[in-house]
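Residue numbers (my numbering): 66 to 220.
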């Protein structure tokens, strides 16, 4: 008597299919993760400078409180209003209690850009004539990058 046992091989095909699907999913996830994590190289490093603005009667006082990037700070740009008008009158701006001299020739056409000779230091105090609207203070660093430090609205 010839007895032939028939093996049930139906389960082999679904197991191979599941293994292939898992392998494809792992490879796809690894590829997506590789692109996602490498995209952070394009994010610029933020500079750390602490400025605080507070209104006092008809003026706004901006204090430089420190930060790791103060030494890299080249200029500060002060702008008022929704249209971003810059301060152009030295009488409306004081640094450490003294009217600012904006240009080397003593003129007041400065476009709101203040560069302190000798560099900025913790404790520097800037006093601006208060106007209604938005005050923006932008830092410009030695490497050419710019960063908004203050964006505050006054009545």
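Beta carbons: idealized from backbone N, C-alpha and C, even for Gly. Just so you know, these numbers come straight off a predicted model, no measurement behind them.
What span of residues does the beta strand (DSSP E) with residue 180 cover, start to end?
Counting along the chain, residue 180 sits inside no beta strand (DSSP E), nor does DSSP assign it H or E at all.
Once the 5 residues before and after residue 201 are set aside, which same chain residues still bring their CB inside 6 Å of it?
144 and 216.
Whole angstroms are fine: how far does the CA of residue 101 sit from the CA of residue 87?
Cα to Cα, residue 87 sits roughly 21 Å from residue 101.
Minimum C-alpha distance to residue 135 - residue among 181, 79 and 186:
When each option's Cα is compared against that of residue 135, the closest is 186.
Would a C-beta distance cut-off of 8 Å place residue 160 and residue 181 closer than the cut-off?
A contact, by the Cβ cut-off of 8 Å.
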